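**Q**
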Amino acid sequence: MPSTPEIPPSAGAILLRALLYALAIAALVVFAPGNEHVFIYQGF
Amino acid sequence: MRPPAPAAASPVTWLLAIVLLAGIDAAVTRTSLLWGKTSTWVKSGIERVYVWQTYDVARKLYYPRRRAAVRVVLLGNSRIWFPARQPFVERALHRLDPRLDVRVDNLAIFGAHVGDMEIISRHLDRVKPQVVVVALGPADLVPTSWGKIVNATGELLDVGWRDGPIPPANETARVNRWLKTVWPLYCFRRFVRQRIEDGLFPYPEDTEFPDHFASRQDYFDFVNDKKRAAMVGDLYAAWRRHPTLAGFVDFLGGKKGRFGFTEPVPPPETLTLHSPGVLALDRLLARVSRQAPDSFVLLMPENPLLDDDTEGLYHRIGFSDHGAELIRRVAARYHVRVVDGRHWMPADRFVDFVHVFPDVSGFQDLLAKEILHALHS
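Heads up: the protein sequence lines correspond to chains R and V, in order.
So the first sequence is residues 0 to 43, counted in numbering that gives the first Met the number 0.
So the second sequence is residues 0 to 376, counted in numbering that gives the first Met the number 0.
1. In three-state terms, what does DSSP make of Arg257/V?
2. Grouping DSSP H, G and I as helix and E and B as strand, with all else coil, what is Thr269/V?
3. Would you list the residues sitting across from Ala134/V in a DSSP beta bridge?
4. So, does the CB of Tyr40/R fall closer than 8 Å to a CB anywhere in chain V?
5. Quick one: using the 10 Å Cβ neighbour count with 16 as the cut-off for buried, is Ile79/V buried or exposed?
6. Touching or not, the region 295–302 of chain V and the region 338–353 of chain V, by the rule of three or more beta carbon pairs under 8 Å?
7. Where does Asp115/V land, buried or exposed, given buried means 16+ other C-beta within 10 angstroms?
8. Please classify Thr143/V: is it buried, with 16 or more other beta-carbons within 10 angstroms of its beta-carbon, or exposed?
9. What does Arg102/V pair with, by DSSP beta-bridge criteria?
10. Rounded to the nearest angstrom, what separates Phe455/V and Val48/V at their Cα positions?
11. Within its chain, find whatever has a CB closer than 7 Å to the CB of Asn150/V; leave out the 5 residues flanking it on each side and keep chain order.
12. Can you confirm whether the region 335–344 of chain V touches the region 60–74 of chain V when touching is taken to mean that 3 or more C-beta pairs between the two stretches lie within less than 8 Å?
13. Find the nearest neighbour of Ala91/V within the set Val141/V, Glu196/V, Leu365/V and Leu374/V, judged by alpha-carbon distance.
14. Secondary structure at Val355/V, three-state DSSP: helix, strand or coil?
15. Just tell me which of Val71/V, Ala138/V, Thr206/V and Trp145/V has its CA closest to the CA of Asp383/V.
16. Short of 7 Å Cβ to Cβ, which residues in the region 167–189 of chain V face chain R?
17. Just the chain R side, please: which residues come within less than 7 Å of Ala7/V by C-beta, in chain order?
18. Output, in chain order, the set of chain R residues within a Cβ distance shorter than 7 Å of Ala16/V.
19. Can you list, in chain order, the residues of its chain with a C-beta nearer than 7 Å to that of Ala228/V? Leave out the 5 residues immediately preceding and following it.
20. Compute the beta-carbon to beta-carbon distance between Val264/V and Ala138/V, rounded to the nearest angstrom, for a pair I have assumed lies under 8 Å.
21. In the structure shown, what three-state DSSP assignment does Gly114/V receive?
22. So, does the CB of Pro8/R fall closer than 8 Å to a CB anywhere in chain V?
23. Could you give the residue range of the alpha helix (DSSP H) that holds Asp249/V?
24. Name the chain R residues that come within less than 8 Å of Ile23/V, Cβ to Cβ?
25. Give a yes or no on whether 8 Å exceeds the smallest Cβ distance from Val11/V to chain R.
26. Could you tell me the alpha carbon to alpha carbon distance between Tyr235/V and Ser38/V, rounded to whole angstroms?
27. Looking at Leu15/V and Ala31/R, is the spacing between their C-beta atoms short of 8 Å?
28. Rounded to whole angstroms, what's the CA-CA distance from Ile316/V to Pro267/V? Just pull it up for me.
29. Cα separation between Leu33/V and Arg188/V?
30. Please list, in chain order, the chain R residues whose beta carbon lies closer than 7 Å to that of Leu20/V.
31. With a cut-off of 8 Å, does the C-beta of Arg192/V fall near any C-beta of chain R?
32. What is the rounded straight-line gap between the Cα of Asn169/V and the Cα of Gly159/V?
33. Does the Cβ-Cβ distance between His211/V and Leu156/V come in under 8 Å?
34. Leu73/V and Asp104/V look like a contact to me (Cβ under 8 Å); what is the Cβ gap, rounded to whole Å?
35. Output the distance between the C-alpha atoms of Ala323/V and Gly252/V, rounded to the nearest integer angstrom.
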């Protein structure tokens with residue numbers, strides 16, 4: 000029995016999903032732990 | 000009929016996500032969304048102080064500024080942050096040469112040591128200065144309880160493919176630096192986070208540092224609350240009537256503070272040409288002299304009252320001269336001029352033993368003369 004050709008995802012679905020990924024990565028970069036320091040300068 | 004393939008797994012989705020991420024990155028790191036804060040004089044917490052001061056430096060490097068034919072960059076710490084604010088120095092330069100189209104970028108950060116300055120110098124190609132003033136005190140070459148060779152301030156701006164003179168602590172730190180080098184949003188993420196935090200929980204008391212002080216009391220009023228400002232003003236006036244070392248110590252609080260009145264540096268002989276701080280200075284001056292050959296090192300003013308401290312109660316005797324000599328030897332390797340400003344100012348120009356008053360001290364006039372000398376050499 001011949002297989003049914005796969006239907007590609009719609010452009011809207013791709014755009015939405017890509018935007019979600021991009022925002023998620025940006026949020027992860029900004030809010031992931033890191034760059035916290037113990038500031039030791041007490042002289043001033 | 001089969002349902003449509005999910006977009007989640009499509010390579011097109013991921014490619015588009017990368018493009019969109021680049022767009023988000025640019026929309027944040029190249030616009031006022033990130034760089035729109037100008038009120039970076041903050042009094043609430045040392046953490047916010049260092050973040051916003053470093054942000055201020057990054058903004059001068061990465062956000063468009065007024066164009067000028069001549070660009071002068073100042074590297075250093077609080078000792079030059081206060082008395083060489085851009086408006087002070089630009090006004091002084093214009094008094095000496097009214098036709099000079101000049102912009103001064105003060106890239107100093109409180110507590111910065113030579114390693115921090117070396118890191119900031121890696122960004123200088125953003126400004127392409129004609130003259131870089133490396134404003135140093137010999138104490139900036141050594142790690143102390145006041146600060147390491149590289150501090151949190153420097154770490155925030157640490158970029159580059161090659162290791163700096165102070166090697167990264169581990170592989171994670173090295174990869175972290177590489178990521179910062181290629182990815183602006185990653186590099187400035189701490190600033191983005193702080194912008195969001197401050198947007199959600201504003202600090203109305205954040206303000207801009209004044210571009211003019213009419214008097215010493217004007218300065219005391221700005222940095223202190225009203226009650227304390229009056230008290231500090233009275234103590235300072237009392238010292239002016241009896242301008243002795245002991246009187247100045249009284250003005251500063253009457254006794255050695257927890258961390259002392261001057262940076263607690265080690266014995267002079269422990270600082271050598273092979274010390275990490277001196278190696279960082281070497282790398283800094285090599286870069287600066289290559290990018291802006293007329294640059295110079297300015298040894299920052301020291302309060303002459305310390306000459307009366309013959310017992311070494313308030314400072315490490317001999318360290319300044321020893322450090323200055325090492326700085327001269329490193330500078331000579333790159334033909335960088337060293338201006339010894341340690342004795343530039345009388346005691347009444349000082350807020351403490353190492354900081355001179357902004358604007359009213361006149362420090363900016365002496366600095367402007369040296370900058371013009373460098374430009375015309």
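Glycine residues also receive a C-beta, built at the ideal position from the N, C-alpha and C atoms.
Everything numeric in this text was worked out from a predicted model, so none of it was measured.
**A** Reading from the atomic positions:
1. Start at 1 with the first residue of the second sequence, and residue 257/V comes out as number 258. With a pLDDT of 44 at Arg257/V, under the threshold of 50, the predicted position of this residue should be treated as unreliable, and no value is reported.
2. As a position in the second sequence, residue 269/V is number 270, starting the count at 1. Here Thr269/V sits in helix by DSSP.
3. The residue labelled residue 134/V in the question sits at position 135 within the second sequence. Answer is Leu297/V.
4. Translated into positions along the first sequence, residue 40/R becomes position 41. Only weak support exists for where Tyr40/R lies, its pLDDT of 46 falling under 50; the coordinates are left without a value.
5. Working through the second sequence from its first residue, we reach residue 79/V at position 80. Label assigned to Ile79/V: buried.
6. Between the region 295–302 of chain V and the region 338–353 of chain V, the count of Cβ pairs shorter than 8 Å is three or higher; the stretches touch.
7. Taking the second sequence and counting its residues from 1, the one referred to as residue 115/V is at position 116. It counts as buried.
8. As a working note, residue 143/V is residue 144 in the second sequence. Buried, because 16 or more other Cβ atoms sit within 10 Å of the Cβ of Thr143/V.
9. Walking along the second sequence from the start, residue 102/V turns up at place 103. Its beta-bridge partners are Arg70/V.
10. Examination of residue 455/V is not possible in this model, given that chain V is present from 0 through 376 alone.
11. The count along the second sequence starts at 1 and reaches residue 150/V at position 151. Scanning its chain for C-beta atoms nearer than 7 Å, with the 5 sequence neighbours on each side dropped, one finds around Asn150/V the residues Gly110, Ala111, His112 and Asp115, in chain order.
12. Not touching, per the Cβ criterion.
13. Walking along the second sequence from the start, residue 91/V turns up at place 92. Looking from the CA of Ala91/V, the closest CA among Val141/V, Glu196/V, Leu365/V and Leu374/V belongs to Leu365/V.
14. Counted from its first residue, the second sequence places residue 355/V at position 356. The three-state reading of DSSP puts Val355/V in strand, counting E and B together.
15. Here chain V has residues from 0 to 376 only, and residue 383/V is not among them.
16. Cβ proximity to chain R below 7 Å picks out Leu184, Tyr185, Arg188 and Arg189 from the region 167–189 of chain V.
17. Taking the second sequence and counting its residues from 1, one reaches residue 7/V at position 8. Under the 7 Å cutoff, chain R gives Arg16.
18. In the second sequence, counting from the first residue as 1, residue 16/V sits at position 17. Chain-ordered, the chain R residues with CB closer than 7 Å to the CB of Ala16/V read Ala17, Tyr20 and Ala21.
19. By one-based count along the second sequence, residue 228/V stands at place 229. Closer than 7 Å at the Cβ level, and outside the excluded window around Ala228/V, lie Phe219 and Asp220.
20. Locating residue 264/V in the second sequence gives position 265, where the first residue counts as 1. Locating residue 138/V in the second sequence gives position 139, where the first residue counts as 1. Contact annotation, Val264/V with Ala138/V: C-beta distance approximately 5 Å; criterion of less than 8 Å satisfied.
21. Working through the second sequence from its first residue, we reach residue 114/V at position 115. When secondary structure is reduced to three states using DSSP, Gly114/V falls in the helix class.
22. The count along the first sequence starts at 1 and reaches residue 8/R at position 9. Yes, Pro8/R counts as interfacial toward chain V.
23. The sequence position of residue 249/V within the second sequence is 250, counting from 1. Residues Leu244 to Phe250.
24. By 1-based counting over the second sequence, the position of residue 23/V is 24. Residues of chain R passing the Cβ test: Ala21, Leu22 and Ala25.
25. Counting from one through the second sequence, the residue named residue 11/V turns up at place 12. Yes, Val11/V counts as interfacial toward chain R.
26. As a first step, residue 235/V must be located in the second sequence, where it is residue number 236. As a first step, residue 38/V must be located in the second sequence, where it is residue number 39. Between the alpha carbons of Tyr235/V and Ser38/V lies a gap of roughly 29 Å.
27. Along the first sequence, one-based indexing puts residue 31/R at 32. Along the second sequence, one-based indexing puts residue 15/V at 16. Cβ atoms of Ala31/R and Leu15/V: not closer than 8 Å.
28. Start at 1 with the first residue of the second sequence, and residue 316/V comes out as number 317. Start at 1 with the first residue of the second sequence, and residue 267/V comes out as number 268. Taking the straight line from one Cα to the other gives about 8 Å.
29. Here residue 33/V refers to the residue found at position 34 when the second sequence is read from its first residue. Here residue 188/V refers to the residue found at position 189 when the second sequence is read from its first residue. Straight-line Cα distance between these residues: approximately 10 Å.
30. Indexing the second sequence from 1 puts residue 20/V at position 21. For Leu20/V, the residues of chain R that pass the 7 Å Cβ criterion are Ala21, Ile24 and Ala25, in the order they occur in the chain.
31. By one-based count along the second sequence, residue 192/V stands at place 193. Yes - at least one Cβ of chain R is within 8 Å of the one on Arg192/V.
32. Sequence index remark: in the second sequence, residue 169/V carries index 170 (1-based). Sequence index remark: in the second sequence, residue 159/V carries index 160 (1-based). Each residue's Cα considered, the two are about 15 Å apart.
33. The residue labelled residue 211/V in the question sits at position 212 within the second sequence. The residue labelled residue 156/V in the question sits at position 157 within the second sequence. Contact: no.
34. Position 74 of the second sequence, counted from the first residue, corresponds to residue 73/V. Position 105 of the second sequence, counted from the first residue, corresponds to residue 104/V. About 7 Å separates the beta carbon of Leu73/V from that of Asp104/V, a gap short enough to meet the 8 Å contact definition.
35. Here residue 323/V refers to the residue found at position 324 of the second sequence. Here residue 252/V refers to the residue found at position 253 of the second sequence. Using only the alpha carbons, I get a separation of about 29 Å.
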